[in-house]
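Numbering (the working numbering) for the sequence shown: 120 to 573. The beta-carbon is built from N, C-alpha and C at its ideal position, and this holds for glycine as well. Accompanying notes for the structure given below.
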Amino acid sequence: MLPYDKWLEVVGVYEEQQKHKKQLEIELGKAKEQSKKLAEEQKKYRAQEKVLRTQFKQKMQLERNRIKKTENRLKEKESLLKKKLENKYAKQQTTLRKRFERDKKSALGKIKAQGIKIGSEQEKAKTAKLKKLLDDLKTKQAASEFKLKQQFQREQDTLRKRFERDKQIELKRVRSEAIAKGIAKQKARTDKVTSLMDKIRKDRDEANERVKQLEEMIKKGTTPQLEGFDFEKLFSDQLKKKFPNDDIKSTGKKGDVIQTVKVETKTVGKIIYECKKTRDFKNQYIDQIIRDKAKVIVNYGVIVTWASKENKQGFWIEKDIFIVHPYGVLDIASFLRETLVQVFTLNITKSEFATKGKALLDFMQSEDFRNRIQDSINKSREAYEVLRKEVKTHVNTWKKRTKIYDSIHKNTGIIQGTVRHVLLHGKIPEKLPEETVFPALPIAIEKINSNENK
120 MLPYDKWLEV VGVYEEQQKH KKQLEIELGK AKEQSKKLAE EQKKYRAQEK VLRTQFKQKM
180 QLERNRIKKT ENRLKEKESL LKKKLENKYA KQQTTLRKRF ERDKKSALGK IKAQGIKIGS
240 EQEKAKTAKL KKLLDDLKTK QAASEFKLKQ QFQREQDTLR KRFERDKQIE LKRVRSEAIA
300 KGIAKQKART DKVTSLMDKI RKDRDEANER VKQLEEMIKK GTTPQLEGFD FEKLFSDQLK
360 KKFPNDDIKS TGKKGDVIQT VKVETKTVGK IIYECKKTRD FKNQYIDQII RDKAKVIVNY
420 GVIVTWASKE NKQGFWIEKD IFIVHPYGVL DIASFLRETL VQVFTLNITK SEFATKGKAL
480 LDFMQSEDFR NRIQDSINKS REAYEVLRKE VKTHVNTWKK RTKIYDSIHK NTGIIQGTVR
540 HVLLHGKIPE KLPEETVFPA LPIAIEKINS NENK
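Structure (structure tokens):
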């Protein structure tokens with residue numbers, strides 16, 4: 120059984136754990152609520168984003184219609200300009216033909232007026248001259264028409280280029296105005312929604328990660344304060360106080376403590392403890408302590424950790440190595456030390472102990488032993504809850520504490536009695552030893568109740 124002052128030092132660590140555990144549960148609830156709200160907001164913003172996208176598509180369709188109307192208007196303008204050029208070209212051709220006909224008629228009139236007689240040499244010369252003049256007029260007419268046609272083509276090409284340039288400028292202006300007036304505004308809204316969605320996703324991911332961390336901390340039964348706590352030093356101090364005649368030393372290797380059990384001044388055995396402040400339990404811890412156990416030559420190896428392995432937690436035995444939660448380690452230490460002391464006291468030889476040790480190990484691996492150790496661990500936790508209420512309800516609290524201590528005392532007494540029976544007879548007793556009576560408190564509770572009522 121743990122003395123009251125040592126018990127307070129053990130539950131003092133648990134007090135911090137319980138306080139932080141409640142805080143973690145509050146934070147876990149808040150984180151889950153926040154995650155739920157973020158999911159609702161995300162759904163809301165998705166709906167808004169859908170509406171904005173629909174509005175954006177509608178605005179884009181309106182702008183496309185507007186651009187199409189502009190293109191149709193420019194095509195109509197192009198058609199009018201082309202028709203105007205064609206009319207101008209037709210008028211110029213008509214003017215040239217009229218001028219040619221007029222010059223032709225004039226030349227023929229002169230021939231007729233002079234009374235040219237066909238057949239005479241002189242008249243033939245004049246006729247040839249006039250014919251040549253007519254051919255020159257035709258050539259000049261053709262050259263003028265070709266020149267006019269080239270000019271019309273150049274003007275048409277220039278008009279077409281100017282039209283295309285004006286068309287592109289107009290379309291660019293229309294698009295720029297559309298972007299400036301509607302699309303830019305719509306894009307800003309979309310960017311805002313996207314930014315909000317990204318923030319919601321980030322907050323949701325952080326909340327989910329926080330929830331996982333909180334659930335992991337609650338599952339492991341540990342806190343950041345406990346993980347940073349120098350448990351090795353506290354445990355070493357507790358062993359020194361509980362067993363002042365033993366030699367308790369740290370090996371210099373982080374987390375290792377060796378207890379040399381002594382009866383008077385004679386060494387009767389050794390126990391090595393390795394403290395593991397980790398979230399997850401690894402099989403290499405067992406292999407490591409087995410190597411250290413053989414190297415230092417000790418009787419028992421104990422791993423002190425609050426980590427669990429699969430469905431095992433609190434206390435279990437694997438490869439003859441004891442794995443125990445910090446709240447139950449002092450009970451295991453008392454049990455192992457008592458075993459070594461009784462082996463020495465009963466003068467049991469190594470060969471006898473090898474035979475009876477198997478039965479003893481079977482008892483330690485039994486469901487009853489494991490349940491009692493686990494019960495001590497649980498009672499350690501429960502003791503803190505009782506102590507915490509002591510300020511308001513003294514008498515009821517003392518009654519509960521007395522029952523708890525009585526239960527732990529009975530567990531320890533039964534274990535010690537069973538160990539003694541195994542070492543003496545080499546087998547587990549069919550009937551467990553009788554429970555020892557827990558020492559009465561120095562002050563009667565009934566008397567305190569009476570004074571309290573007064």
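> Where does the unbroken alpha helix (DSSP H) through THR458 begin, and where does it stop?
Replying inline: One-based indexing of the sequence shown puts residue 458 at position 339. Run containing THR458: 448-464, per the alpha helix (DSSP H) assignment.
> Between ILE367 and LYS431, what straight-line distance do the alpha-carbon atoms span, to the nearest angstrom?
Replying inline: Taking the first residue of the sequence shown as position 1, residue 367 is located at position 248. Taking the first residue of the sequence shown as position 1, residue 431 is located at position 312. Cα to Cα, the separation comes out at about 29 angstroms.
>> Please return the same chain residues whose Cβ sits closer than 6 angstroms to the Cβ of GLY420, not counting the five positions on each side in sequence.
In response: Here residue 420 refers to the residue found at position 301 of the sequence shown. Result list for GLY420: ILE391, ILE408, LYS412 and ILE440, in chain order.
> Under the DSSP definition of a beta bridge, which residues are partnered with TRP435?
Replying inline: Counting from one through the sequence shown, the residue named residue 435 turns up at place 316. Assignment of beta-bridge partners to TRP435 by DSSP yields ILE442.
>> Measuring alpha carbon to alpha carbon, tell me which residue in VAL415, ARG456, LEU278 and LYS257 is nearest LYS196.
In response: As a first step, residue 196 is located in the sequence shown; it is residue number 77 there, counting from the start. Comparing Cα positions, the closest option is LEU278.
> Relative to the C-alpha of ARG216, which residue among VAL415, ALA261 and LEU199 is closest?
Replying inline: If you number the sequence shown from 1, residue 216 lands on position 97. Comparing alpha carbon positions, the residue from VAL415, ALA261 and LEU199 closest to ARG216 is ALA261.
> Considering only the beta carbon of each residue, do ASN418 and GLY388 sit closer than 9 angstroms?
Replying inline: The residue you call residue 418 lines up with position 299 of the sequence shown. The residue you call residue 388 lines up with position 269 of the sequence shown. Yes.
> At which residues does the beta strand (DSSP E) containing VAL415 begin and terminate?
Replying inline: Along the sequence shown, one-based indexing puts residue 415 at 296. Careful: VAL415 lies outside any beta strand (DSSP E), inside the alpha helix (DSSP H) at 402-415.
>> For the beta strand (DSSP E) containing ASP365, name the first residue and the last one.
In response: Looking up residue 365 in the sequence shown gives position 246. Looking at the DSSP string, ASP365 is not in any beta strand (DSSP E), and its letter there is neither H nor E.
> Where LEU256 and GLN269 are concerned, what is the direct C-alpha to C-alpha distance, given to the nearest angstrom?
Replying inline: One-based indexing of the sequence shown puts residue 256 at position 137. One-based indexing of the sequence shown puts residue 269 at position 150. Looking at the two C-alpha atoms, the distance is approximately 20 angstroms.
> Leaving out five residues before and five after GLN535 in sequence, what residues of the same chain have Cβ atoms less than 7 angstroms from its Cβ?
Replying inline: As a first step, residue 535 is located in the sequence shown; it is residue number 416 there, counting from the start. Closer than 7 angstroms at the Cβ level, and outside the excluded window around GLN535, lie GLU457.
>> By DSSP's criteria, TYR392 is part of a beta bridge. Which residues make up the other side?
In response: As a working mapping, residue 392 is identified with position 273 in the sequence shown. According to DSSP, which records beta bridges pairwise, TYR392 is partnered with VAL376 and VAL421.
> Roughly how many angstroms separate the alpha carbons of LEU465 and CYS394, rounded to a whole number?
Replying inline: Taking the sequence shown and counting its residues from 1, the one referred to as residue 465 is at position 346. Taking the sequence shown and counting its residues from 1, the one referred to as residue 394 is at position 275. Rounded to the nearest angstrom, the two C-alpha atoms are 32 angstroms apart.
>> Measuring straight from C-alpha to C-alpha, what distance separates LYS248 and ASP254?
In response: The count along the sequence shown starts at 1 and reaches residue 248 at position 129. The count along the sequence shown starts at 1 and reaches residue 254 at position 135. Distance between the alpha carbons of LYS248 and ASP254 is about 10 angstroms.
> Thinking C-alpha only, which one of LYS396, THR213, ILE186 and ILE145 is nearest LEU267?
Replying inline: Here residue 267 is taken as the residue at index 148 of the sequence shown, counted from 1. It is THR213.
>> With distance defined between alpha-carbon atoms, name the residue in ALA209, GLU190, PHE271 and LYS321 nearest to PHE282.
In response: The residue you call residue 282 lines up with position 163 of the sequence shown. Comparing Cα positions, the closest option is GLU190.
> Hey, LEU542 and VAL462 are a contact pair by Cβ (cut 8 angstroms); roughly how many whole angstroms apart?
Replying inline: Counting from 1 along the sequence shown, the entry for residue 542 is found at position 423. Counting from 1 along the sequence shown, the entry for residue 462 is found at position 343. That belief holds up - the Cβ atoms of LEU542 and VAL462 are roughly 6 angstroms apart, short of 8 angstroms.
>> Taking the alpha-carbon of GLN275 as reference, which of GLN287, LEU199 and SER263 has the nearest alpha-carbon?
In response: Looking up residue 275 in the sequence shown gives position 156. Answer by Cα proximity: LEU199.
>> Any heavy atom of the ligand GDP closer than 8 angstroms to the beta-carbon of LYS196?
In response: What this structure holds is no ligand at all, so the ligand GDP is not there to describe.
>> At the level of alpha carbons, what is the spacing between LYS207 and VAL293?
In response: For the purposes of this step, residue 207 is taken as the residue at position 88 of the sequence shown. For the purposes of this step, residue 293 is taken as the residue at position 174 of the sequence shown. Distance between the alpha carbons of LYS207 and VAL293: 33 angstroms.
> Of all the options PHE454, ALA452 and LEU459, which has the alpha carbon lying nearest to the alpha carbon of VAL382?
Replying inline: Taking the first residue of the sequence shown as position 1, residue 382 is located at position 263. It is LEU459 whose Cα lies nearest to the Cα of VAL382.
>> With a threshold of 6 angstroms on Cβ separation, who are the neighbours of THR424 within its own chain once the five nearest residues in sequence on each side are excluded?
In response: Along the sequence shown, one-based indexing puts residue 424 at 305. For THR424, where only same-chain residues beyond five positions count, the Cβ hits under 6 angstroms are LYS395.
> Whose C-beta lies closer than 6 angstroms to the C-beta of ASP375 among residues of the same chain, with five residues either side of it excluded?
Replying inline: Translated into positions along the sequence shown, residue 375 becomes position 256. Cβ within range, chain order: GLU393.
> So is THR531 buried or exposed if we call it buried at 16+ other beta carbons inside 10 Å?
Replying inline: Reading the sequence shown from its first residue, position 412 is the one you call residue 531. Buried is the call here.
>> Assuming ALA426 and THR397 are in contact, meaning their beta carbons sit under 8 angstroms apart, how far apart are those beta carbons, in whole angstroms?
In response: Here residue 426 refers to the residue found at position 307 when the sequence shown is read from its first residue. Here residue 397 refers to the residue found at position 278 when the sequence shown is read from its first residue. That belief holds up - the Cβ atoms of ALA426 and THR397 are roughly 5 angstroms apart, short of 8 angstroms.
>> So the candidates are LEU358, ALA158, LYS194 and GLU289; which of them puts its Cα closest to the Cα of VAL380?
In response: Against the sequence shown, residue 380 aligns to sequence position 261. Ranking LEU358, ALA158, LYS194 and GLU289 by Cα distance to VAL380 puts LEU358 first.
> With a Cβ-Cβ cutoff of 9 angstroms, do LEU204 and PHE271 count as a contact?
Replying inline: One-based indexing of the sequence shown puts residue 204 at position 85. One-based indexing of the sequence shown puts residue 271 at position 152. For LEU204 and PHE271, yes; Cβs fall inside 9 angstroms.
> For GLN173, does the three-state DSSP call read helix, strand or coil?
Replying inline: By one-based count along the sequence shown, residue 173 stands at place 54. Correcting the residue identity first, residue 173 is Thr in this sequence and not Gln. If DSSP states are grouped into helix, strand and coil, THR173 belongs with the helices.
>> Taking the straight line between their C-alpha atoms, what separation do you get for GLU429 and ASP399?
In response: In the sequence shown, the residue the question calls residue 429 occupies position 310. In the sequence shown, the residue the question calls residue 399 occupies position 280. Whole-angstrom Cα-Cα distance: 10 angstroms.
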